[in-house]
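> For reference, the structure I am asking about is given below.
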Amino acid sequence: MNINKNKFNSVRNTVQARPGQWKYKAKKHLGQNFLKSKEAIKTICDAGKVEKEDIILEIGPGKGVLTEELLKRGAKILAIEKDNDLINFLIEKFESFLPSTPGMDIDTKRLNIINEDILDFDISKYGLLDKKYKIIANIPYNITGAIIKKFLSEIKNKPILMAILVQKEVAERIVAKNRKINKQKTEAVQALPGQSRPCLDSGGKESILSLSVKAYGDPKYIMKVSKKYFSPAPKVDSAIILIDNISDKNFKNNDEEKTFFDLVHAGFSHKRKLFIKNIENLDYQKEKIKKMFEILEIDKKIRAEDIPFYKWIEMKDFLTTKN
Ligand code: SAH
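Position 22 of the sequence shown, counted from 1, bears residue number 22 in the working numbering, the numbering being contiguous throughout.
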């Protein structure tokens, strides 16, 4: 009998394994689609420039396929898994990498497996508050938005980058390409040379999601991963994205951050309405808004989705400067 088989049998009681092989029924409500493609696993790690001694936060390690590659590259990993059943399996699989006392911080050993919900996870408990770390993960898709929100805008010490697998549609929406806008012709935004790659940038339309990501980092579309490379196969294809250079550099203080997000949320509040109508309810004098459109050369007929990221930053700067 080989060692692996013994290992699988020993966890049979807790994970309902069948003799000889570890059969596990994936849990839909936990977004469990396990990755089968070695190439995709390698590409996620390459995109995240994973190197020896890097500190990685892996969300939802599942059966540990990505964790294995991260260990091979010499990284130190905090793997947060919500599913109790998978935790038992992971602990057996990676026994030799684990600290003797569970829950100890990342300095102690190469791998720490934590049975927690990532949305409740407190980075200060595991020594991540004052360290540079990266998020590398095939995340549960049902909480993509919540994960991005938590790690880009809510927590104090943000990761320096995120290389993650998300639904392909979501990836396209996030990377919506920056374009130049022209005061006279809104149509000019439709097709600027070299910037119209509709399959990769969803026609360049911005959204609350794309702007929220760009506010903190540079999103890049890395690679499509077909649904056939997952088990069980999800209904839609996926894609690897990298959110690089994550920082707070666009916001000098909380007021700037709040102004930006208030503007974005108001701007997209009614999809069919023009941007100028949507922001009428914000607490600014009409004169100021009028001046903003003139000085920043924004077309009054533009819709929020056609305004490129850099213009939103210019508007935030205008609105937070005394003038
Ligand atoms: N990374 C693995 C598994 C991806 S499936 C692979 O590529 O094969 C998503 C994983 O996230 C599952 O293991 C699921 O149990 C876990 N998960 C789901 N919701 C979670 C949450 N709120 N916090 C932490 N892990 C979660």
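The C-beta atom is built at its ideal place from N, Cα and C for all residues, glycine as well.
All values derive from a computational prediction rather than experimental measurement.
(1) Can you check whether the CB of GLY267 is closer than 7 Å to the CB of ASN281?
(2) By the DSSP assignment, the alpha helix (DSSP H) with ASP255 in it spans what residues?
(3) List the whole-angstrom C-beta distance separating VAL264 from TRP312, where the pair is believed to meet the contact cut-off of C-beta under 8 Å.
(4) Mind checking whether ILE276 and LYS158 have CB atoms under 7 Å apart?
(5) By Cβ distance, which residues of its chain are closer than 6 Å to GLN32, with the 5 residues on each side in sequence left out?
(6) Under a Cβ-count criterion, where at least 16 other Cβ atoms within 10 Å of its own Cβ denotes burial, should ASN112 be classed as buried or exposed?
(7) How is the beta strand (DSSP E) around TYR221 delimited, first residue to last?
(8) For PHE309 and ILE289, I'd like the C-alpha separation in whole angstroms.
(9) Cβ atoms of GLY62 and PHE94: under 7 Å apart, would you say?
(10) Would the beta-carbon of ARG259 fall within 7 Å of that of LEU209?
(11) Taking only three categories from DSSP, how would you classify ILE307?
(12) Please name the residue, chosen from ASP299, TYR216, LYS82, that lies closest to SER153 on a Cα-to-Cα basis.
(13) Classify ILE55 as helix, strand or coil using the three-state DSSP reduction.
(14) Which one of LYS49, ILE59, ILE44, VAL65 has the shortest CA to CA distance from SER231?
(15) Just how far apart, CA to CA, sit ILE164 and ILE174?
(16) Confirm the yes/no value for this check: CB of GLY31, any heavy atom of the ligand SAH, distance under 6 Å.
(17) Just the Cα atoms here: how many angstroms apart are LEU57 and LYS132?
(18) Check whether the Cβ atoms of LEU30 and PRO140 sit closer than 7 Å, and answer yes or no.
(19) Please confirm whether LYS134 and LEU161 have their CB atoms less than 7 Å apart.
(20) Let me know if GLU169 comes out buried or exposed under the rule of 16 or more other beta-carbons within 10 Å of its beta-carbon.
(21) Is the closest heavy atom of the ligand SAH to the C-beta of LYS82 under 6 Å?
(22) One question on the structure: do ILE55 and LYS76 come within less than 7 Å of each other, judged by their Cβ atoms?
(23) From which residue to which residue does the beta strand (DSSP E) around GLU81 run?
(24) Are the CB atoms of LYS205 and ALA239 nearer to each other than 7 Å?
(25) Could you work out which residue in ASN138, SER96, TYR24 is closest to CYS45 when comparing CA atoms only?
(26) Taking 7 Å as the limit between beta carbons, can you name the residues of its chain near GLU305, skipping five residues before and five after?
(27) Quick check: what's the CA-CA separation for TYR322 versus LYS72?
(28) Are there any heavy atoms of the ligand SAH lying less than 6 Å away from the beta-carbon of ASN254, as far as the coordinates show?
(29) Am I right that GLU92 and ASN115 are in contact with their C-beta atoms under 8 Å? What's the rounded C-beta distance?
(30) Measure the beta-carbon distance from GLY48 to ILE143 and round it to whole angstroms, keeping in mind my assumption that it falls under 8 Å.
Here's the rundown:
(1) As a position in the sequence shown, residue 281 is number 281, starting the count at 1. As a position in the sequence shown, residue 267 is number 267, starting the count at 1. Taking 7 Å as the Cβ cut-off, ASN281 and GLY267 do not qualify as a contacting pair.
(2) Working through the sequence shown from its first residue, we reach residue 255 at position 255. Here the alpha helix (DSSP H) through ASP255 covers 254-267.
(3) Position 264 of the sequence shown, counted from the first residue, corresponds to residue 264. Position 312 of the sequence shown, counted from the first residue, corresponds to residue 312. The pair is a contact, with the Cβ atoms about 6 Å apart (cut-off 8 Å).
(4) For the purposes of this step, residue 276 is taken as residue 276 along the sequence shown, with counting starting at 1. For the purposes of this step, residue 158 is taken as residue 158 along the sequence shown, with counting starting at 1. No; because the gap between Cβ atoms is not below 7 Å, this pair is not in contact.
(5) The residue labelled residue 32 in the question sits at position 32 within the sequence shown. For GLN32, where only same-chain residues beyond five positions count, the Cβ hits under 6 Å are ALA26.
(6) Translated into positions along the sequence shown, residue 112 becomes position 112. So ASN112 counts as buried.
(7) For the purposes of this step, residue 221 is identified with residue 221 of the sequence shown, where counting begins at 1. Per DSSP, TYR221 belongs to the beta strand (DSSP E) from 218-225.
(8) For the purposes of this step, residue 309 is identified with residue 309 of the sequence shown, where counting begins at 1. For the purposes of this step, residue 289 is identified with residue 289 of the sequence shown, where counting begins at 1. Taking the straight line joining both Cα atoms gives about 18 Å.
(9) Counting from one through the sequence shown, the residue named residue 94 turns up at place 94. Counting from one through the sequence shown, the residue named residue 62 turns up at place 62. Remark: C-beta atoms of PHE94 and GLY62 do not approach each other more closely than 7 Å.
(10) As a first step, residue 259 must be located in the sequence shown, where it is residue number 259. As a first step, residue 209 must be located in the sequence shown, where it is residue number 209. Sequence check: residue 259 is Thr here, not Arg. Contact flag unset, no.
(11) For the purposes of this step, residue 307 is identified with residue 307 of the sequence shown, where counting begins at 1. Coil at ILE307, not helix or strand.
(12) Taking the sequence shown and counting its residues from 1, one reaches residue 153 at position 153. Nearest Cα to SER153 within the set ASP299, TYR216, LYS82: TYR216.
(13) The sequence position of residue 55 within the sequence shown is 55, counting from 1. Secondary structure of ILE55 (DSSP, three-state): strand.
(14) Locating residue 231 in the sequence shown gives position 231, where the first residue counts as 1. The shortest C-alpha to C-alpha distance from SER231 to any of LYS49, ILE59, ILE44, VAL65 is the one to VAL65.
(15) In the sequence shown, residue 164 corresponds to position 164, counting from 1. In the sequence shown, residue 174 corresponds to position 174, counting from 1. Spanning the two alpha carbons is a distance of roughly 12 Å.
(16) Locating residue 31 in the sequence shown gives position 31, counting from the first residue. For GLY31, the distance from the CB to the nearest heavy atom of the ligand SAH is below 6 Å.
(17) Numbered from 1 along the sequence shown, position 57 holds the residue referred to as residue 57. Numbered from 1 along the sequence shown, position 132 holds the residue referred to as residue 132. Taken atom to atom, the span from the alpha-carbon of LEU57 to that of LYS132 is near 11 Å.
(18) The residue you call residue 30 lines up with position 30 of the sequence shown. The residue you call residue 140 lines up with position 140 of the sequence shown. Taking 7 Å as the Cβ cut-off, LEU30 and PRO140 qualify as a contacting pair.
(19) Counting from 1 along the sequence shown, the entry for residue 134 is found at position 134. Counting from 1 along the sequence shown, the entry for residue 161 is found at position 161. Yes; because the gap between Cβ atoms is below 7 Å, this pair is in contact.
(20) Numbered from 1 along the sequence shown, position 169 holds the residue referred to as residue 169. By the neighbour-count rule (16 or more Cβ atoms within 10 Å), GLU169 is not buried but exposed.
(21) Reading the sequence shown from its first residue, position 82 is the one you call residue 82. At least one heavy atom of the ligand SAH falls within 6 Å of the beta-carbon of LYS82.
(22) One-based indexing of the sequence shown puts residue 55 at position 55. One-based indexing of the sequence shown puts residue 76 at position 76. In this structure, the beta-carbon distance from ILE55 to LYS76 falls below 7 Å.
(23) On the sequence shown, residue 81 is found 81 positions in, with the first residue counted as 1. Following the DSSP letters along the chain, one finds GLU81 inside the beta strand (DSSP E) bounded by residues 76-81.
(24) Indexing the sequence shown from 1 puts residue 205 at position 205. Indexing the sequence shown from 1 puts residue 239 at position 239. Cβ atoms of LYS205 and ALA239: not closer than 7 Å.
(25) As a first step, residue 45 is located in the sequence shown; it is residue number 45 there, counting from the start. Per the Cα distances, ASN138.
(26) Translated into positions along the sequence shown, residue 305 becomes position 305. Closer than 7 Å at the Cβ level, and outside the excluded window around GLU305, lie LYS205, GLU206, SER207.
(27) Here residue 322 refers to the residue found at position 322 when the sequence shown is read from its first residue. Here residue 72 refers to the residue found at position 72 when the sequence shown is read from its first residue. The residue you asked about is not Tyr; residue 322 is Lys in the sequence shown. In this structure, the CA atom of LYS322 is about 54 Å from the CA atom of LYS72.
(28) Your numbering for residue 254 matches position 254 in the sequence shown. Result no, Cβ not under 6 Å from the ligand SAH.
(29) Here residue 92 refers to the residue found at position 92 of the sequence shown. Here residue 115 refers to the residue found at position 115 of the sequence shown. The pair is not a contact, with the Cβ atoms about 14 Å apart (cut-off 8 Å).
(30) Translated into positions along the sequence shown, residue 48 becomes position 48. Translated into positions along the sequence shown, residue 143 becomes position 143. Not confirmed; about 20 Å, so no contact.
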